[in-house]
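Just so you know, our numbering puts 704 at position 244 of the sequence shown, and the rest follows in order with no gaps.
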Amino acid sequence: MTEARRGQIALAAIVLILALYRGLVILLGELPLFYDQAYYYYWSLNPDWGYFSKPPVVAWLIALTTGIWGSSELAVDVGAIILYSLTSWVVYLIGRDHFGEREAIWAGISFAAMPVVGFNSLFVSTDAPLMFFWALSVLFFGRAVRSDHWRWWLATGCAAGLGMLSKYSMGVLAVGLLAFLLTSAESRRRLFGRRLWTAVVLAALILLPNILWNARHDFVSFRHTAEISQLDRALFHPDHLLEFFAMQFGVFGPVFMGLFVWLAFRRSSYRSESDRLMIFPALAMLGVIGLQALLSRAYANWAAPAFITATVLVSAWLVRAGRERLLVSALALNLLLLSIFYHYHTFAEAVGAQLRKGQTPYARVLGWRELGAEVSTRNRLHPRAILLSDSRKHLAYLSYYAQPRTMQLAWWGPQGGPARNHYQLVADISKSSADEFVYAGPRLLAPNELAMFGSHEYLGEVAVQPLADLKLSAHLYYLKDFHGYPR
């Protein structure tokens, strides 16, 4: 057996072990869904070309995995574990194409052990398909530039288009690849070639159904993306930029991020075409999201695709510099951080700590399964009624955890106005043919709101308290015969 084959087997084994471990964390730890995941699960029940806040691939992914394995939390989340595992192999292929077999093996392992990958593997989101197709696009683009074969340009276009159907921030990769093409005369000639522009057109054609869906829905996804950018507010927040930059050391890992910053600022890193291809996409993503943080806000994981090629660059440098001990130490530190996150409550119980809301990373998901069970008990008294709420969080969680699980629900927005979420877009009560509802929400309803129904009955408040300072509750009403919103 060759050394290359042994390395590939080792990589596959490590990635598989990490994937199984993460699946067991979800299964044995009984990790509840975060409300965005429950929201996406509802989307998956009706596959479409678009949804209120995101393009469709995450819903398609959940529809695929739950169609095969049922609707458990693990079945909802397992698509993330699978895609991140596949992305580790794509990262290996990128490293092999540009640096060598040994560097590639370490790059694949490093990606699988990256903190943001370990964290996101537990919660299916748009980042999983985005990072997979981002990595594929870089792989195919690198081969296209080197060979100029049609098949690699077409593959690049397909991967980029599917990436755009995963998350619109995939478009930032084009900025990084353009910067790469501008760095040499030979690469600049590609800008005038029909192969490159055919790939661009192909990517646009793949995205086109989502654009048409948005056109039919008043471009709601693009408006939502603009709204969460918050560019209509005060536009200078250096503290947000510093916070975002500091958080990247946790996203990528302290050692890896420190080395990447050093390599990115080192002039000699730009002499090699392969190094430049690793650096420019990463800098483009960090630059765009960093600017977003400066102007308004940015979450730590928004720049995660930057670390696909950054992983290859840092791993290759460590191997070539003979610093494999440092590489192993960095990976061990990343895995230690992930283990603490995975087993946070176990460690806390072992030392006798009484956790409070601000002391656990899982505070936002605790208690909803139990609250759903309480709501289910009340729902049995009204089997024909469908779930109704004016809270996206309550509707997402309770439509998943209140049994029987069903897509029969309705959104009620007494204030009217344009849609603010996917429930309001496709399941507003004004579009419902049902005449019986069980409202579950965070507040008592006002008399003028109850007057919109022919009859109403207050069923009481259900509540659970997963932590000493964390209480979840829902006020329940049995409502009949919706008259319509006030004119």
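Here a beta-carbon is modelled for each residue, glycine too, at the ideal position from N, C-alpha and C. Please read all numbers here as calculations on a predicted model, not as lab measurements.
- In the three-state scheme derived from DSSP, where H, G and I count as helix and E and B as strand, K514 is classed as coil.
- In this structure, the beta-carbon distance from W594 to M630 falls below 8 Å.
- G747: member of the alpha helix (DSSP H) spanning 733-755, first to last residue.
- C-alpha of G718 to C-alpha of F725: approximately 11 Å in a straight line.
- By the beta-carbon neighbour count (other beta carbons within 10 angstroms, threshold 16), G568 is buried.
- Of all C-beta pairs linking the segment 801-812 to the segment 879-898, fewer than three are shorter than 8 Å, placing the two stretches out of contact.
- Here DSSP, grouped into helix, strand and coil, assigns G489 to coil.
- With a cut-off of 8 Å on Cβ pairs, the segment 489-507 is in contact with the segment 819-839, counting three or more such pairs.
- Exclusion of the five residues before and after I666 leaves G621 as the residues of its chain whose Cβ lies within less than 6 Å of its Cβ.
- For the 8 Å CB-CB criterion, N670 and G530 do not form a contact.
- The C-beta distance from A862 to L847 rounds to 7 Å, short enough to meet the 8 Å contact threshold.
- Around P589, the same chain offers V517, V518, L521, L543, S626 as residues with beta carbons nearer than 7 Å, after the five sequence neighbours per side are excluded.
- Between F740 and A639, the CB-CB gap stays under 8 Å.
- Closest by C-alpha distance to V772, out of L480, G539, R562, is R562.
- Boundaries of the alpha helix (DSSP H) harbouring G718: 714-725, taken from the DSSP string.
- V721 has its alpha-carbon roughly 18 Å from the corresponding atom of N794.
- Selection A776, C618, L787, W828 evaluated against P926 yields W828 as nearest (Cα-Cα).
- Per the DSSP secondary-structure output, G901 pairs in a beta bridge with H935.
- Here N839 is buried: its Cβ has 16 or more other Cβ atoms, across all protein chains shown, within 10 Å.
- Using a Cβ distance threshold of 8 Å, A540 and S581 count as a contacting pair.
- For H805, the enclosing alpha helix (DSSP H) has its first and last residue at 804-810.
- From the listed residues R655, K891, Q752, the smallest Cα separation to D699 is found for Q752.
- Cα atoms of W871 and Y500: separation of roughly 16 Å, rounded to the nearest angstrom.
- According to DSSP, A870 shares a beta bridge with L848.
- If you check the CB distance, T526 and S504 come in under 8 Å.
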